[in-house]
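Numbering-wise, numbering that gives the first Met the number 0 puts 289 at position 290 of the sequence shown, and it's gapless, one number per residue.
Just so you know, even glycine gets a beta-carbon here, dropped at the ideal spot from N, CA and C.
Only one structure is covered here, and it is reproduced in the block below.
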Amino acid sequence: MAVRTRFAPSPTGFIHVGNLRSAIFTYLIAKKDQGTFVLRIEDTDQERYVEGAVDTIYYTLDSCGLIWDEGPDKGGEYGPYIQSERMDMYKKYALELVEKGEAYKCFCTEERLAGLREKGYAKYDGHCLHLSEDDITANEKAEIPYVIRQKVPQTGSTSFTCQVYGEITIENKEIEDQIILKSDGYPTYNFANVIDDHHMKITHVVRGNEYLTSTPKYTLLYNAFGWDEPTYVHLPHVVKEGGKKLSKREGDAYYTDFIKKGYLPDAIVNFLAMLGWSPSNNQEIFTLAELEKEFSIDRINKSPAIFDIKKLNWVNAHYIKALPLDELKELCMP
Ligand code: GLU
Ligand code: ZN
Numbered sequence: 000m001a002v003r004t005r006f007a008p009s010p011t012g013f014i015h016v017g018n019l020r021s022a023i024f025t026y027l028i029a030k031k032d033q034g035t036f037v038l039r040i041e042d043t044d045q046e047r048y049v050e051g052a053v054d055t056i057y058y059t060l061d062s063c064g065l066i067w068d069e070g071p072d073k074g075g076e077y078g079p080y081i082q083s084e085r086m087d088m089y090k091k092y093a094l095e096l097v098e099k100g101e102a103y104k105c106f107c108t109e110e111r112l113a114g115l116r117e118k119g120y121a122k123y124d125g126h127c128l129h130l131s132e133d134d135i136t137a138n139e140k141a142e143i144p145y146v147i148r149q150k151v152p153q154t155g156s157t158s159f160t161c162q163v164y165g166e167i168t169i170e171n172k173e174i175e176d177q178i179i180l181k182s183d184g185y186p187t188y189n190f191a192n193v194i195d196d197h198h199m200k201i202t203h204v205v206r207g208n209e210y211l212t213s214t215p216k217y218t219l220l221y222n223a224f225g226w227d228e229p230t231y232v233h234l235p236h237v238v239k240e241g242g243k244k245l246s247k248r249e250g251d252a253y254y255t256d257f258i259k260k261g262y263l264p265d266a267i268v269n270f271l272a273m274l275g276w277s278p279s280n281n282q283e284i285f286t287l288a289e290l291e292k293e294f295s296i297d298r299i300n301k302s303p304a305i306f307d308i309k310k311l312n313w314v315n316a317h318y319i320k321a322l323p324l325d326e327l328k329e330l331c332m333p
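Set out below in structure tokens:
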């Protein structure tokens, strides 16, 4: 089966270097197998939407040479590639799960949910799962707003396999009946990613390991629909020495921070490709084309990847020295 991967950023501002590292790995996993690299814009969280952020995403990927084969601006067989343009689909599939008894409408008010939290409930108590048909019809007639929740089994456990972290099992009783469709008709990320990855025929889902704990919910959704799951590849966190986060305040969080400081895109890509992955030999300088050949999932590391600025400086110096003089002069101009 031809490999298809996707980078699925949310248009919330500049691209974090950790996220760019994910984009690089996602791109390489596709290109290693002459596969397809898809760009999907995940804009269902309207509150976090930032004007101009989609252009920032294009600019970042473009300048790094991570050229996408399908995407909002390029089209493709499985579009639209912007989630806000796929709304009908999410609603249709959420209702299909309700039909199948794998999801249910929840009419609980914000006050009721806040009350549960106050009482110490770690998750939704399943109240609306037990509504009678008559109650549901009455609520709908009265136009009480509702969300749709996934119905998670209360017994047993759910397992999935990640190519990096191995088999992971979570007890179902720890999984919440999560919201899949909000009262405004927007899907949650947790639902939309499953619908889209399936319909876009994504073979390898590559993303940060912060998604490991939600993946059993996706497994349950794939099962509920009777769809095959993609191969999962979760990537280790990118942190500074001592485990500290890269931060906006310290000016080391975003791709553009580094560009402003004079780092070259090729150097950044080369450096980020080594964060959580190592080649089979000791080579440290790679062009993107070389990485496309050399990259392999089984050399991705589980432990946190250390963002070592000294190493980046060293890699960057290498690329600067290799620049033709006139290009260097051009870059030095204010
Ligand atoms: N929109 C999500 C993010 O930016 C995508 C995660 C994923 O790759 O599924 O974190
Ligand atoms: Zn409810």
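Restricted to the region 176 to 246, the alpha helix (DSSP H) segments that are unbroken, complete and at least 4 residues in length are 188 to 198 and 214 to 224, listed in chain order. Look at the region 44 to 125 and you find these whole runs of beta strand (DSSP E), each 3 residues long or longer: 102 to 105. With respect to the 7 Å criterion, Asp-196 and Val-204 are classified as neighbours on the basis of their beta carbons.
The beta carbons of Val-37 and Asp-68 sit about 7 Å from each other, so the pair counts as a contact at 8 Å.
Per DSSP, Glu-170 is one residue of the beta strand (DSSP E) stretching across 165 to 170. If you look at Val-151, you'll find it isn't in any alpha helix (DSSP H); DSSP assigns it neither H nor E. The count of Cβ pairs closer than 8 Å, one atom from the region 116 to 128 and one from the region 213 to 229, stays below three, leaving the stretches out of contact. Any heavy atom of the ligand ZN within less than 5 Å of a residue's beta carbon puts that residue on the list, which reads Cys-105, Cys-107, His-126 and Cys-127. Restricting attention to Asn-189, Lys-247 and Pro-79, the CA atom closest to the CA of Ile-147 is found in Asn-189.
Counted as a single uninterrupted DSSP element, the stretch harbouring Leu-130 is not any alpha helix (DSSP H), since DSSP gives it neither H nor E. For the pair Val-232 and Val-314, the CB atoms are not nearer than the 7 Å cut-off. Distance from the CA of Glu-110 to the CA of Ile-174, rounded to the nearest whole angstrom, comes to 22 Å.
The nearest non-hydrogen atom of the ligand GLU is 6 Å or more from the C-beta of Glu-46.
The beta carbon of Ser-9 sits closer than 6 Å to at least one heavy atom of the ligand GLU.
Considering only Thr-25, Tyr-145, Leu-96 and Ile-169, the residue with the shortest C-alpha distance to Gln-153 is Ile-169. Judged by DSSP in its simplified three-state form, Arg-5 adopts strand. Here Pro-10 is not near Asp-44, since their CB atoms are 7 Å or more apart. Every beta strand (DSSP E) of 3 residues or more that sits fully in the region 301 to 329 is shown, in chain order, as 304 to 306. Distances taken from the Cβ of Glu-291 to the heavy atoms of the ligand GLU include none shorter than 6 Å. Pairing Tyr-262 with Phe-13 gives a Cβ-Cβ distance that is not under 7 Å. Separation of the CB atoms of Asn-171 and Gly-155 is rounded to 5 Å, and the pair is thereby assigned contact status at 8 Å. As the crow flies, the alpha-carbon of Tyr-89 is around 8 Å from that of Leu-180.
In this structure, the C-beta of Arg-206 approaches the ligand GLU to less than 6 Å from one of its heavy atoms.
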